[in-house]
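Peer 1:
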Amino acid sequence: MIVVIHVEGLAEIRTAFGQEAADDISGACRQAVRSYAPASAIVGEDDEHRLAVAALAPTAADARRLGAMIYRGCMEELARADSGLFPFVGVGVAFTGDVGYDLGALLRGARAAARRAAATPGASVLVDAPAASS
Numbered sequence: 033m034i035v036v037i038h039v040e041g042l043a044e045i046r047t048a049f050g051q052e053a054a055d056d057i058s059g060a061c062r063q064a065v066r067s068y069a070p071a072s073a074i075v076g077e078d079d080e081h082r083l084a085v086a087a088l089a090p091t092a093a094d095a096r097r098l099g100a101m102i103y104r105g106c107m108e109e110l111a112r113a114d115s116g117l118f119p120f121v122g123v124g125v126a127f128t129g130d131v132g133y134d135l136g137a138l139l140r141g142a143r144a145a146a147r148r149a150a151a152t153p154g155a156s157v158l159v160d161a162p163a164a165s166s
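Quick note on numbering: this note's numbering labels position 20 of the sequence shown as 52, and the sequence is numbered without any gaps.
(1) By a C-beta neighbour count over all protein chains shown, 10 Å radius and 16 as the cutoff for buried, is Phe118 buried or exposed?
(2) At which residue ranges does the region 73 to 155 contain complete beta strand (DSSP E) runs of 3 or more residues, listed in the order of the chain?
(3) Quick one: using the 10 Å Cβ neighbour count with 16 as the cut-off for buried, is Arg143 buried or exposed?
(4) For Arg82 and Ala146, which I take to be in contact (beta-carbon distance under 8 Å), what is that distance rounded to the nearest angstrom?
(5) In angstroms with no decimal places, state the Cα-to-Cα distance between Gly129 and Thr91.
(6) If you follow the alpha helix (DSSP H) that Asp56 is in, where does it begin and where does it stop?
(7) Phe127 and Ala95 look like a contact to me (Cβ under 8 Å); what is the Cβ gap, rounded to whole Å?
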C-alpha cells in the first residue's frame with residue numbers, strides 16, 4: 033500500500049506568510065509521518081514533493097486505518113506548530129489488493145485520493161477505488 037499526504041495551498045502559504053511558515057507546516061507533517069508510520073515503512077517524497085509512505089497492510093481496512101493514524105498525527109503536529117496556520121490536509125491511500133503492484137498506478141491512485149480528501153469538506157482520508165468495470 034501507498035499513503036500520500038497532500039497539504040493544500042502550501043505554495044500560497046509560502047507566498048503569503050513566507051518560507052518559514054511553509055517549512056513549519058511541512059516539518060509538522062514530516063514529524064507526524066515519522067511518529068505514526070510503522071517502523072518498517074519506507075517514507076520519502078514523491079516526484080510532486082508530497083510525503084509518501086510505502087507499508088504493508090493485510091487488508092484495505094488496515095490500510096485506511098494507517099492513513100487515518102497519519103492524518104491524526106498531522107493534525108496534532110500542526111496544532112503544535114509555531115506558524116499558527118492550519119491548512120487543509122488530505123491523505124490518500126492506494127491498496128495493492130485494489131490497484132495491483134504497479135508502483136505508478138499506486139502513486140497515481142494515492143495522489144488523486146489525497147487531492148480529493150484535501151478538497152472535500154469532512155473528508156480526511158480517502159482510499160483510491162478502482163474504476164468499476166461495465
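Cβ coordinates follow ideal geometry from the N, Cα and C atoms, glycine included.
Peer 2: According to the structure shown:
(1) As a position in the sequence shown, residue 118 is number 86, starting the count at 1. It is exposed - the Cβ of Phe118 has fewer than 16 other Cβ atoms within 10 Å.
(2) 74 to 77, 83 to 86 and 121 to 126
(3) Counting from one through the sequence shown, the residue named residue 143 turns up at place 111. It is buried - the Cβ of Arg143 has at least 16 other Cβ atoms within 10 Å.
(4) To locate residue 82, count along the sequence shown from 1; it is residue 50. To locate residue 146, count along the sequence shown from 1; it is residue 114. The pair is a contact, with the Cβ atoms about 7 Å apart (cut-off 8 Å).
(5) Counting from 1 along the sequence shown, the entry for residue 129 is found at position 97. Counting from 1 along the sequence shown, the entry for residue 91 is found at position 59. Near 8 Å, if we compare the C-alpha coordinates of Thr91 and Gly129.
(6) Taking the first residue of the sequence shown as position 1, residue 56 is located at position 24. That run of the alpha helix (DSSP H) goes Gln51 to Tyr68.
(7) Taking the sequence shown and counting its residues from 1, one reaches residue 127 at position 95. Taking the sequence shown and counting its residues from 1, one reaches residue 95 at position 63. That belief holds up - the Cβ atoms of Phe127 and Ala95 are roughly 4 Å apart, short of 8 Å.
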